[in-house]
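Residue numbers are given in UniProt numbering: position 418 of the sequence shown equals residue 418, and the series is strictly consecutive. A quick write-up on the structure given underneath.
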Amino acid sequence: MQVVIVESPAKAKTIEKYLGPGFKVLASYGHIRDLPPKDGSVDPENGFAMQWELYGDKAKQLKAIADASKGADRIILATDPDREGEAIAWHLLEWLKGRKAVPKGGTARVTFNAITKATVLDAMAHPRELDDALIDAYKARRALDYLVGFTLSPVLWRKLPGAKSAGRVQSVALRIVVDREREIEAFRAREYWTVQAVFAAASGATFTARLSLFHGKKLDKFDLTNEQDAHRARAEVEAGRFTVSAVETKPVTRNPYPPFTTSTLQQEASRKLGFTASHTMRVAQGLYEEGHITYMRTDGVQIGAESIAVIRDVIGKEFGRDALPEKARHYATKAKNAQEAHEAIRPTEPSKRHAGSADAAKLYDLIWKRTIASQMASARLERTSVDLLSDDGRTGLRASGQVVVFEGFMAVYNESRDETPADGDEDDGKRLPRLTQGETPVVNDVTADQHFTEPPPRFSEATLVKKLEELGIGRPSTYASILQTLRDRSYVRIEKNRFFAEEKGRLVTAFLERFFEKYVGYDFTAELETELDEVSAGDLDYLTVLGRFWTEFEARTKDMLDMRPSDVTVALDEFLAPLLFPPKDDGTDPRLCTTCGTGRLSLKTGKFGAFIACSNYPECRYTRQFAGDPSEASVNGGAPLLLGTDPVSGEPVSLRSGRFGVYVQLGDDGPKDAPKPPRASIPKDVTVAGPDDLDMALRLLALPREVGIHPETGEKIVASIGRYGPYLQHNGKYARLTSTADVFETGMNAAVVKLAEALAAGPRARNTPAPLREFGPHPVSGAPIRLIAGRFGQYLADGTTNATVPKDSDGMALTLDEAVALLDARAAMPPKGKKKPAPKKKAAAAKPAAKKKAPPKAAKKPAKSST
């Protein structure tokens, strides 16, 4: 028997079916070991020796592999065909050697780019040895990431309270987002005007032309900068008579896009489907494991000749022979790394038009269209430009249009655009009416429109991935986890699919730019990636790369640790001055304290992070959070901000800051032993910043709100906001509300329904957040299986059992079978805090005579560590 080890149980089932008798296929469930998160896991003083540690939750899988290896003739390592897959195979082999569990037939390494029977059988017929260069490249990347993280992060903790972590690629990606934020802040809008006229041709058809010549001078974008000039130009166009002076038609050919790579798939899935990079990779992983697409981690755009022939056949049948170019198209990539040898991402069976369901079906459709289009004929377009001149030749307009003559590949696929083109740069996509030179169309309407230049847009996931790839930073297979880490650290936030740099992220970036400028430099990081690619190609020794990096990096961190925190704060205060203290419109000093009027504001750091404080402390207690708005300073350590007066009680309503954040208060503080006046915290989804928000403050102070009397019980239904958010309460029962607005707007009918639904769902359901994913019914109990984001990570729930998702696994990538296995394993375990009862001893018929004690056996030697 031969034992085959793959990464996923779903893949294991499929491959075992292909191989048939004589093979047992087992899953490792990804990596089996890693560098433990503690000092000393990488030892630069000892040749960068690495201490590996087994994952605690892999005992079951490893036992199955060890048991199977005992009777195996050979072990075949068939993990994924990339650097990580090679590393997993190496870790498995090292672990098997440590246990002396390698069979007499030894081990072999096989890889396949798709999970189809033909591909798998062909791979099994051509085994190879492990690729040492790929393994060295993995070691180098893992060691570098560990050394940066475990050396630089402690520096951040000591010198920049509140900062969470730094990373070799993560910090550079954050800097890209922060740099864009700075560009936006530094941007100054410029006003400009355009004049357009609607003409009617002799045929009766209308078209639009834009003013391009005024007073005999060709107009540039900013030649009309005010309303007066624009309306003067408009008047001249209205009064003029125009003749077609030139008609120019140019044929345009547009070639299809190459098939998807990892990064282009992430970009297009973001633009067209709204998927995050991490979700795209999870869905693609599922399609790959089900045998629908080729391997989804690749930088290659090439497709094998046999597959191209199948694709061309599909095109001929689906779209006709006209849609086929004379020769097959062949694409090549300029990337030089381990993934280049892989095919592009394509359907394993191009004739299969649909596969998967829900998001998987959408992603497969995108991949299918891109693949088919890549081998189709070029699109042919016709671009037409028409110039119109006034009788005196001093005023002119231009109309342009574009029409598709032959769709070609565009009948199947057209790539989304990242950004909106600048005014005047795009064709309107409409066919112009047939116009001839000398014709005099009639002016129907003329408009003068005001415009302002716009700052560069914030990055979306698609454009950030594209930027990282353009700069050569990181690798496409890592982008999803990098972007997720930035969100998890609260260094960035996403609004309307755009990355916004949080102040915490800006502070960390400023610190790194100020004191570790080289290591967040775009060129340095890209050069390091190139060296790692050279390691994977076998052209450079990985220890050389580590040694060069560590020598300078260690010296810089030691110098930084010797620096006083106060000196760090002063340097950052100066570096961040444009952000923290921007110039005021009235020209006054932006650092002048608004509370005492004499002190100067500056950056300070404390136990809970950075903040702004007055130099006259403790006499002046003005403070505001580093992330705070200066207008809120009066409630952050200063005097309360008066919002207005309660019309019922006549008491003042003020905005204040306390230990647990900003709140509103009705009335003034009394003596220490007097009852506290009414107060209400401000929810995250509500803004109370000044007198204009008095009404909202009064509504919050008036909570709880009585919705009405329940028609069945006669008891009150109350809406309010508690520790866990907005809720409804009735007769000791509760139901969650979605937002603060619901507290004030939910009516009787809706309240009764919500309470009934909450009661029917039971207490566990009421306290369970919305599921991240629903797998379907349990095959035995029929209960729905859901994936939930909990306080300590993802877990699976079926209404009776909760099972934690292993740390090295992603719940979104689990199959139904894997989810069932985890839940069944948890259900079979004893309840937490209890042990299984020991089996009862059989009662003896009579007490046996005492026997002489045997000498103790020698203790067994401890097993050698697998690390």
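Beta carbons: idealized from backbone N, C-alpha and C, even for Gly. Note that the coordinates shown come from a computational prediction; the quantities given were computed from them, not determined experimentally.
Straight-line Cα distance separating residue j from residue i
i: K504; j: G85; result: 35 angstroms
i: V662; j: G670; result: 20 angstroms
i: A166; j: V148; result: 7 angstroms
i: A750; j: R506; result: 44 angstroms
i: K716; j: G747; result: 13 angstroms
i: Q51; j: S153; result: 20 angstroms
i: D80; j: W90; result: 12 angstroms
i: I612; j: I788; result: 39 angstroms
i: H710; j: V820; result: 41 angstroms
i: T119; j: G790; result: 40 angstroms
i: R128; j: L96; result: 18 angstroms
i: F581; j: P565; result: 21 angstroms
i: P455; j: D179; result: 13 angstroms
i: G538; j: A133; result: 5 angstroms
i: P578; j: D585; result: 14 angstroms
i: A758; j: G799; result: 15 angstroms
i: Y622; j: P583; result: 20 angstroms
i: N444; j: S400; result: 18 angstroms
Where residue i falls, given that 16 or more other Cβ within 10 Å makes a residue buried
i: D299; result: buried
i: D428; result: Note that D428 has pLDDT 49, beneath the 50 cutoff, so the model's placement of it is unreliable and the number below is only indicative. Looking at its Cβ environment, which holds fewer than 16 other Cβ atoms inside 10 Å, D428 is exposed.
i: K834; result: Caution applies to K834, whose pLDDT of 49 falls short of 50 and renders its modelled position unreliable; the value that the coordinates give is listed next. Under this definition K834 is an exposed residue.
i: F452; result: exposed
i: D567; result: exposed
Within 9 angstroms, strictly: CB atoms of residue i and residue j
i: T815; j: S8; result: yes
i: T384; j: E227; result: no
i: A269; j: L366; result: yes
i: T116; j: G304; result: no
i: V743; j: P726; result: yes
i: V707; j: A697; result: no
i: K38; j: V25; result: no
i: A137; j: L603; result: no
i: P44; j: L546; result: yes
i: R329; j: I308; result: yes
i: V301; j: T261; result: yes
i: G644; j: P675; result: no
i: L483; j: L464; result: yes
i: Y331; j: S374; result: yes
CB contact below 9 angstroms: residue i versus chain B
i: K754; result: Within the model displayed, chain B is absent; a lone protein chain is all it includes.
Proximity test, residue i beta-carbon vs the ligand NAP heavy atom, cut-off 8 angstroms
i: N255; result: Absent from the structure shown: the ligand NAP. Ligands present: none.
Segment limits, beta strand (DSSP E) that includes residue i
i: P777; result: R773 to P777
i: A789; result: P784 to G790
i: P251; result: F242 to R254
i: T713; result: T713 -> no beta strand (DSSP E), and no H or E assigned at all.
i: Y734; result: K733 to R736
i: Q437; result: That residue, Q437, is in no beta strand (DSSP E); it is neither H nor E in DSSP.
i: D387; result: A379 to S390
i: residue 868; result: Only positions 1 to 867 of the chain appear in the structure, and residue 868 is not among them; the question remains open.
i: Q794; result: G793 to A797
Alpha helix (DSSP H) segment containing residue i, residue limits
i: L483; result: P476 to D488
i: A501; result: Premise fails: A501 lies in the beta strand (DSSP E), R498 to A501, not in any alpha helix (DSSP H).
i: W90; result: R83 to G98
i: Q285; result: A277 to E289
i: W368; result: A358 to S374
i: F553; result: Y542 to L561
i: P726; result: Run containing P726: none in the alpha helix (DSSP H); it sits in the beta strand (DSSP E), G725 to H730.
i: S153; result: D132 to K159
i: L701; result: L694 to L701
i: A108; result: No alpha helix (DSSP H) holds A108; the beta strand (DSSP E) holding it covers T107 to R109.
i: G644; result: No alpha helix (DSSP H) contains G644, which is instead part of the beta strand (DSSP E) from L641 to T645.
i: A828; result: L816 to A828
Open item on the list: Could you check whether the region 254-270 touches the region 436-443, counting it as contact only if at least three pairs of C-beta atoms, one from each stretch, sit closer than 8 angstroms?
Closed with: no
- [ ] Determine contact between the region 544-561 and the region 184-200, defined as no fewer than three beta-carbon pairs at a distance below 8 angstroms.
- [x] no
Open item on the list: Does the structure place the region 167-177 close enough to the region 459-477 that three or more beta carbon pairs sit under 8 angstroms?
Closed with: yes
TODO: Assess, as a yes-or-no matter, whether the region 282-290 is touched by the region 357-366 under the definition of 3 or more beta carbon pairs within less than 8 angstroms.
DONE: yes
TODO: Give a yes or no on contact between the region 107-114 and the region 71-80, applying the rule of three or more CB pairs nearer than 8 angstroms.
DONE: yes
- [ ] State whether the region 366-380 contacts the region 400-413, with contact taken as three or more CB pairs (one from each stretch) at a distance under 8 angstroms.
- [x] yes
- [ ] Answer yes if the region 262-276 comes into contact with the region 227-240, meaning at least three C-beta pairs across the two stretches below 8 angstroms, and no otherwise.
- [x] no
TODO: Please determine if the region 506-520 and the region 305-318 are in contact, where contact requires at least 3 C-beta pairs separated by less than 8 angstroms.
DONE: no
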